[in-house]
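Trainee: Structure incoming, see below.
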Amino acid sequence: MEFKDYYAALGVARSADAEEIKRAYRKLARKYHPDVSKEPAAEDKFKEVAEAYEALKDPERRAAYDAAGEQWKQRGSGQSGAGRAAGSGAGAFGAEGFGPGGFEFSGAGFDAESSAQHSEFFEALFGRRAGAGAARSAGQRQPRQGTDHHARVRIDLLDAYRGGERSISLSAATPTADGRIEMREREVRLQIPKGIRPGQQLRLVGQGGPGLGEGAPAGDLYLEIEFAPHPVFRVDGADVHFDLPLAPWEAALGAKVQAPTPEAQVELQIPPGTPAGRQLRLRGKGLPGAKASGDLFAHIQIVLPPAGTPQTEEAWRALAQAAAFNPRAGLGL
Amino acid sequence: MKQTHMSAALLVEATQALDLDALCQACHAQQSQLLVLVEEGVLGEQDPSPTPWRFDGHALARARRALRLQRELELDAGAVALVLDLLDRIEELQTQLRLRVPAR
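Spelled out as structure tokens, the structure:
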């Protein structure tokens, strides 16, 4: 475990006052908050910044962190100090670092819902609230329903068209009987409802965190659905879009062409004189719905055949003569 | 250790929408925090009449996002409402771009 420089993470001096720390945090949070940022690796960066602020905004915690920094410096010069702490079986700070009880904070504490999760370093220094909380409430409070958990699930477009069974693997921090936290992986099998759309949520009752105390019900698990990007189809609500390339003569003369849909190939009637950019609607071929299904839109593109032979060039020339067409008339040319 | 369950998945939409208590539990939030968001219109149209409020999956996602922004950017409810509206607008424009520009 490495010592984390929280002052550097916020870009402030060790002597910074509370106001400076707050300003630095807010500025960085606006830049890196995963809900608003488009920066690469914003989430990791935000976690660092949020953890640093969590440690430094509270005077009690900041004092503990500063004291730990001093100890770290004194011990850190030789390997022996670190080795002794790790060997003691406790965290790297061990009993000798902060005394048997470690630090306990009575304030608002850490929020389980936060986008930021704390590093091993932070937890060694300030403790793990979730574990302690679970143990306390089991002893003293009424049984309490487990917390609701949230996860994102990525499905394929075809799963949404057809519905079907899917198996997903989740790992969650789970409190053990003795109040520790353990990452536990489990598999959940579920039925994807036909016609589900991106952004919709599935609720799995009783699949969240375990209840706290005797007979308390477990929390629920919410799964937010997202679609894996598809090479051909683009989804907008219940409607689905794709590009349909046509040869110039197909667009001009009209044609019956084969077109893809997410489920099967269909024959599509192209009317004569179909311009590029027109959208042909296949009614009801979008995502299926209980009341109404979405539509499927073919966006017409007109593509030229590859470099021609003398015969095809001759044919184009004949067309140019026959059509006597000025495509730039609209520009006044 | 792996456990496998076959779980009934309820789609959080019209018929399976959440009431205020379930929304609080799902967001790990107090009622008062969510009432402020409803007042700001962040969680969609809610009927002011005594009929119980219902929240769909979209409202749940918005509520969680709003609470994260409030807490982590230290914004008040009005500012969060504005941020969410602007984020919606960005998403709408990005969808339009995605739909119009050929995917090549």
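Chains as they are written, first to last, in my numbering: chain A, 2 to 334; chain B, -4 to 99.
Every residue, glycine too, gets a C-beta built ideally from N, C-alpha and C.
Helix or strand or just coil, what does DSSP make of ALA299 of chain A?
Mentor: If DSSP states are grouped into helix, strand and coil, ALA299 of chain A belongs with the strands.
Trainee: Report yes if the C-beta distance between VAL33 of chain B and ALA76 of chain B is below 8 Å; otherwise report no.
Mentor: Against a cut-off of 8 Å, the Cβ pair of ALA76 of chain B and VAL33 of chain B comes out as no contact.
Trainee: How about HIS23 of chain B and THR148 of chain A: are their beta carbons less than 8 Å apart?
Mentor: Going by C-beta atoms, HIS23 of chain B is nearer than 8 Å to THR148 of chain A.
Trainee: Quick check: the segment 249 to 258 of chain A against the segment 175 to 190 of chain A, are at least 3 beta-carbon pairs closer than 8 Å?
Mentor: Contact between the segment 175 to 190 of chain A and the segment 249 to 258 of chain A is absent, because fewer than three Cβ pairs lie under 8 Å.
Trainee: So, is the C-beta of GLY52 of chain B closer than 8 Å to a C-beta in chain A?
Mentor: Cβ-Cβ to chain A under 8 Å: yes for GLY52 of chain B.
Trainee: Using a Cβ cut-off of 9 Å, pull out every chain B residue sitting near ARG27 of chain A, in sequence order please.
Mentor: Within chain B, the residues near ARG27 of chain A are LEU68 and GLU69.
Trainee: Quick test of your reading: ALA299 of chain A and LEU283 of chain A, contact by CB under 8 Å. State the CB separation rounded to the nearest angstrom.
Mentor: Confirmed, about 7 Å.
Trainee: Measuring CA to CA, which of A:GLU55, A:GLY255 and A:GLY238 is closest to ALA277 of chain A?
Mentor: The shortest C-alpha separation from ALA277 of chain A is found at A:GLY255.
Trainee: If distances are taken between C-alpha atoms only, which option among A:VAL50, A:GLN270 and A:ASP221 comes closest to ALA3 of chain B?
Mentor: With distances taken between Cα atoms, ALA3 of chain B lies closest to A:ASP221.
Trainee: Using a beta-carbon distance below 8 Å, is TYR223 of chain A in contact with chain B?
Mentor: At least one chain B Cβ lies under 8 Å of TYR223 of chain A.
Trainee: Under 8 Å, with one C-beta from each stretch per pair, do the segment 194 to 212 of chain A and the segment 148 to 168 of chain A reach the 3-pair mark?
Mentor: Flag = yes, the segment 194 to 212 of chain A and the segment 148 to 168 of chain A touch.
Trainee: Compute the distance between the beta-carbons of LEU29 of chain B and LEU15 of chain B, then report whether it is under 8 Å.
Mentor: It is a contact, given that the beta carbons lie within the stated cut-off.
Trainee: For ASP71 of chain B, count neighbouring Cβ atoms within 10 angstroms of its own Cβ and tell me buried if that reaches 16, exposed if not.
Mentor: Burial call: exposed.
Trainee: Does the distance from the CB of PRO230 of chain A to the CB of LEU159 of chain A come in under 8 Å?
Mentor: No, Cβ-Cβ distance for PRO230 of chain A and LEU159 of chain A is not below 8 Å.
Trainee: Can the beta-carbon of TYR33 of chain A be found less than 8 Å from the beta-carbon of ALA43 of chain A?
Mentor: For TYR33 of chain A and ALA43 of chain A, yes; Cβs fall inside 8 Å.
Trainee: Taking the beta strand (DSSP E) that ALA43 of chain A falls in, what are its first and last residues?
Mentor: Where ALA43 of chain A is concerned, there is no enclosing beta strand (DSSP E), although the alpha helix (DSSP H) it sits in stretches over 43 to 57.
Trainee: Would you call the segment 86 to 94 of chain B in contact with the segment 47 to 64 of chain A, where contact means no fewer than 3 C-beta pairs closer than 8 Å?
Mentor: Touching, no, given that fewer than three Cβ pairs across the two stretches are closer than 8 Å.
Trainee: Using the beta-carbon of each residue, which ones in chain B are nearer than 8 Å to PRO194 of chain A?
Mentor: Correct list: ALA4 and LEU6.
Trainee: Evaluate contact between the segment 162 to 174 of chain A and the segment 191 to 206 of chain A, counting only Cβ atoms and requiring at least three cross-stretch pairs below 8 Å.
Mentor: Because the criterion of three Cβ pairs below 8 Å is met, the segment 162 to 174 of chain A and the segment 191 to 206 of chain A touch.
Trainee: Around the Cβ of GLY295 of chain A, are there at least 16 other Cβ atoms within 10 angstroms (buried) or fewer (exposed)?
Mentor: Counting Cβ neighbours within 10 Å, GLY295 of chain A comes out buried, since at least 16 surround it.
Trainee: Can you pull the chain A neighbours of ALA56 of chain B, defined as C-beta to C-beta under 8 Å?
Mentor: Per Cβ cutoff of 8 Å: GLY200, GLN202 and GLU225.
Trainee: Run through DSSP, which three-state label would ARG235 of chain A get?
Mentor: Note: ARG235 of chain A maps to strand in three-state DSSP.
Trainee: Distance, Cα to Cα, TYR66 of chain A vs ARG235 of chain A?
Mentor: Between TYR66 of chain A and ARG235 of chain A, the C-alpha separation is close to 50 Å.
Trainee: Round the Cβ separation of ASP244 of chain A and GLN302 of chain A to the nearest angstrom and send it over; I've been treating them as touching at under 8 Å.
Mentor: At roughly 5 Å, the Cβ-Cβ gap stays under 8 Å, so ASP244 of chain A and GLN302 of chain A are in contact.
Trainee: Going by DSSP, what residue range makes up the alpha helix (DSSP H) through PRO249 of chain A?
Mentor: That run of the alpha helix (DSSP H) goes 249 to 254.
Trainee: I want to see whether chain A comes within less than 8 Å of GLN28 of chain B, judged by CB atoms only; does it?
Mentor: Not one chain A Cβ lies under 8 Å of GLN28 of chain B.
Trainee: So is LYS286 of chain A buried or exposed if we call it buried at 16+ other beta carbons inside 10 Å?
Mentor: So LYS286 of chain A counts as buried.
Trainee: Measure the CB-CB distance between ALA5 of chain A and PHE122 of chain A and report whether it falls below 8 Å.
Mentor: Looking at the sequence itself, residue 5 of chain A is Lys, so the reference to Ala does not match. Yes. Within cutoff.
Trainee: Does ASP112 of chain A have its Cβ less than 8 Å from a Cβ in chain B?
Mentor: Residue placement at ASP112 of chain A is flagged as unreliable, the pLDDT there being 39, under the threshold of 50; a coordinate-derived value is accordingly withheld.
Trainee: Less than 8 Å between C-beta atoms, sequence neighbours within five positions excluded: which residues of the same chain meet that for ALA19 of chain A?
Mentor: So the qualifying residues of the chain are LYS58 and PRO60.
Trainee: Can you tell me which of the three DSSP states GLY165 of chain A falls into?
Mentor: In the structure shown, GLY165 of chain A sits in a strand (DSSP, three-state: E or B).
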